[in-house]
Structures are given as structure tokens and as C-alpha cells.
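S.K.: If you're matching positions, the sequence shown starts at 39 in our numbering and goes up one per residue. Attaching a single structure in C-alpha cells format; questions to follow.
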Amino acid sequence: MRQSTPIGRVWLAAMKAAVLGKPIGHSRSPDLHLAAYAALGLDDWTYERLECDAVELPGLVDSLDESYVGLSVTMPGKFAALRYATDVSERAALVGSANTLVRTERGWYADCTDIDGMSGALVEVGADLASHPRAVVIGAGGTALPTIAALAAAGTRQLTIVARDRDRARRTFEVADELGMSTTYLPFEASSELTDVVVDAAVTVSTVPADASTTLAAALAPAPRLVDVIYAPWPTPLAEAVTSHGGTVVGGLVMLLNQAYRQVELFTGLAAPTEAMAAVLGQSR
39 MRQSTPIGRV WLAAMKAAVL GKPIGHSRSP DLHLAAYAAL GLDDWTYERL
89 ECDAVELPGL VDSLDESYVG LSVTMPGKFA ALRYATDVSE RAALVGSANT
139 LVRTERGWYA DCTDIDGMSG ALVEVGADLA SHPRAVVIGA GGTALPTIAA
189 LAAAGTRQLT IVARDRDRAR RTFEVADELG MSTTYLPFEA SSELTDVVVD
239 AAVTVSTVPA DASTTLAAAL APAPRLVDVI YAPWPTPLAE AVTSHGGTVV
289 GGLVMLLNQA YRQVELFTGL AAPTEAMAAV LGQSR
């Protein structure tokens, strides 16, 4: 069997893919990709976990033979993956990170399907940003930037960024500005103001670890819609607080699933078998 990827490479049978990160044992990506390959009839394709950090990533990728056609990249290697790539998508360049590497005739092509993951989560949580273009993002790290890109694509025009340090969050404000959004900053300590802001937002997105968001749970509990990027452990204290208050919550598994759809298409050149992939995670499609 031969397939052509959307970026022009033709693959033969018995190809390989992998997820890179450290630690990597918890990753659900092998479940998703192997289910996709089976549904697509790519019975000879494999997908494995390869442990490496950002420093180790270039050497590891250099060591892979040409049977490896695609790599999923999780933390802490997303910035290194972007720097390593021969070619980079416009959106990956914008957000400054890549969770996807695809082998091409020229080398490796980097993309950020984390944006697709967040876009799917926004649909799932029911955020109508086209008619109510206000959103809140908690955190200003690597996950916040793809989140801002997805929010802009969904129609967000007014964005509140909640972070510990505005100076360290500079790049999040720059990306939001490049995407045409007006921004407001709130520190973690501004609990009363934060509650008012999330009540008036179409969606709140938490991009911080579960323990970091716990301190904000009381202030964020009245949010009508929450996307929490965490999927293990689940539910987070923040997710429980919003649910208990009557809000709608979507977790990181929805993001993981939606970003994997595009990865499968880039790796194989075939449409992602969304139902088979969703079933692996106990989700509906």
C-alpha cells in the first residue's frame, strides 16, 4: 500500500511513528494512533513511546531510520521540535512550538495540531465565541499559545490572560495582539475580579497544572464553561468546582483526541477514522 501525505511524501507499507517526551509512560497517543492505523487497514504500521527531553530530541530524531514517518511531541520537547524542523507551518511559527513532526523529502516538517485539539474542545464545551467573543485563559506557558490561536479562530476578540507574572507572559500578549484580540491582564491573586470576568466570558480555559489551578478553584467556580487541559488525574479540583456550580466542563482527553485526528492525517495521508479513535478514549464522535 502507498499513501501520499498532504505535504507530498509517498510512503510504503510497514511504517513507524512514535511519541516523544519525558516522562512518556502515561501518554495515550499510542492508543489513538494504533486504533487509527487498524481502522485504516495499515496493519503493518507501528507507534511507540520514545523517552527524551528537549536536549536529547535532535539526536534521537537524527538516529531514526526512514521507516519513521511521523512523530508526536509532548513536553518538554515542543520548542526543540520547532527549532529542529526543516520546514515549519505558519501556525507553528506563530505559537512558537510544534507537537508534530512529519518526514518529508527535505527533512522534517513541523506543525502544531494542539491548535486543532483546542478548537475541538471549544466546540465540545459549546462556546459560541462568534456571538459572545470574550474568553479567559489561565496561564501563559507553552499550552497557552495554541489555546490563544484556537480562540482567535473561533471568534474571540476580548481576552483576559491570568498569569503569575505579566513580564514572563509577554509572548502570550504578543500573539493575541497579532491575532487581532484586545487583552487584559489579571494576576492570580485578583480573585474577586477574576470571578466577575469568568462569569461574563463565553469560555474559560485553564492551561496550568492541576495543583496550580486548585488555588483558583473558588474564584473560577462560577464560570459557565471551562476547558481544562489536564486529562490525568481527572477530574481536577478546578473541574469539580465548576461542575458543582452548574457549569459545563471539557477535559484534556477531548483535546488529545482532536489533535490526534490531524496528526493521523499528516502521518498517513488518509482521513482520520474519528469514530474508532474516539471509542478508544470512551468518547463519542
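Backbone N, C-alpha and C define an ideal beta-carbon position, used for all residues, glycine too. Computed from a prediction, not measured in an experiment: that's the story for all the values here.
Determine the direct distance from the alpha carbon of M156 to that of N296, and round the result to whole angstroms.
M.R.: Walking along the sequence shown from the start, residue 296 turns up at place 258. Walking along the sequence shown from the start, residue 156 turns up at place 118. Distance between the alpha carbons of N296 and M156 is about 8 Å.
S.K.: Using 8 Å for Cβ pairs, my map puts T198 next to V267. What's the rounded Cβ distance?
M.R.: Position 160 of the sequence shown holds residue 198. Position 229 of the sequence shown holds residue 267. With 8 Å as the limit, T198 and V267 do not qualify as a contact, their Cβ atoms being about 17 Å apart.
S.K.: Taking 7 Å as the limit between beta carbons, can you name the residues of its chain near K60, skipping five residues before and five after?
M.R.: Against the sequence shown, residue 60 aligns to sequence position 22. These residues qualify, in order along the chain: E89, C90, D91 and P114.
S.K.: Once DSSP output is grouped into helix, strand and coil, what is the label at T254?
M.R.: Mapped onto the sequence shown, residue 254 falls at position 216. Looking at the sequence shown, residue 254 is not Thr but Leu. L254: coil per DSSP, three-state reduction.
S.K.: Out of E104, D103, S105 and G145, point me to the one whose CA is closest to A119's CA.
M.R.: For the purposes of this step, residue 119 is identified with residue 81 of the sequence shown, where counting begins at 1. It is G145 whose Cα lies nearest to the Cα of A119.
S.K.: Let me know the secondary structure DSSP gives D266 once reduced to three states.
M.R.: Mapped onto the sequence shown, residue 266 falls at position 228. In this structure, D266 counts as strand in the three-state DSSP scheme.
S.K.: Give me the Cβ distance between L258 and A279, rounded to the nearest whole Å; I'm assuming they're in contact under 8 Å.
M.R.: In the sequence shown, counting from the first residue as 1, residue 258 sits at position 220. In the sequence shown, counting from the first residue as 1, residue 279 sits at position 241. 7 Å between Cβ atoms; contact.
S.K.: Measure the alpha-carbon distance for A201 versus T185 and round it to whole angstroms.
M.R.: Looking up residue 201 in the sequence shown gives position 163. Looking up residue 185 in the sequence shown gives position 147. Using only the alpha carbons, I get a separation of about 14 Å.
S.K.: At which residue ranges does the segment 152-212 contain complete beta strand (DSSP E) runs of 3 or more residues, listed in the order of the chain?
M.R.: Here the runs fully enclosed are 172-176 and 196-201.
S.K.: In the DSSP assignment, find the unbroken alpha helix (DSSP H) run with A259 in it and report its ends.
M.R.: Here residue 259 corresponds to residue number 221 of the sequence shown, with the count starting at 1. First-last for A259: undefined, no H or E at that position.
S.K.: Hey, could you find the ends of the alpha helix (DSSP H) E313 is sitting in?
M.R.: Mapped onto the sequence shown, residue 313 falls at position 275. Its alpha helix (DSSP H) spans residues T312 to V318.
S.K.: Would you call the segment 151-171 and the segment 208-217 touching, i.e. three or more CB-CB distances under 8 Å?
M.R.: No, they do not touch.
S.K.: To which residues does DSSP link P225 through a beta bridge?
M.R.: In the sequence shown, residue 225 corresponds to position 187, counting from 1. Answer is A201.
S.K.: Quick one: using the 10 Å Cβ neighbour count with 16 as the cut-off for buried, is G97 buried or exposed?
M.R.: Here residue 97 is taken as the residue at index 59 of the sequence shown, counted from 1. Exposed.
S.K.: DSSP beta-bridge partners for A379?
M.R.: Lying before the first or after the last residue shown, residue 379 is absent from the chain, which here runs from 39 to 323.
S.K.: To which residues of the same chain is W83 closer than 6 Å at the C-beta, ignoring the five residues directly before and after it?
M.R.: Residue mapping note: residue 83 aligns to position 45 of the sequence shown, counting from 1. These residues qualify, in order along the chain: M53 and Y75.
S.K.: Taking the alpha-carbon positions, what's the D125 to Y147 distance?
M.R.: Sequence index remark: in the sequence shown, residue 125 carries index 87 (1-based). Sequence index remark: in the sequence shown, residue 147 carries index 109 (1-based). Rounded to the nearest angstrom, the two C-alpha atoms are 5 Å apart.
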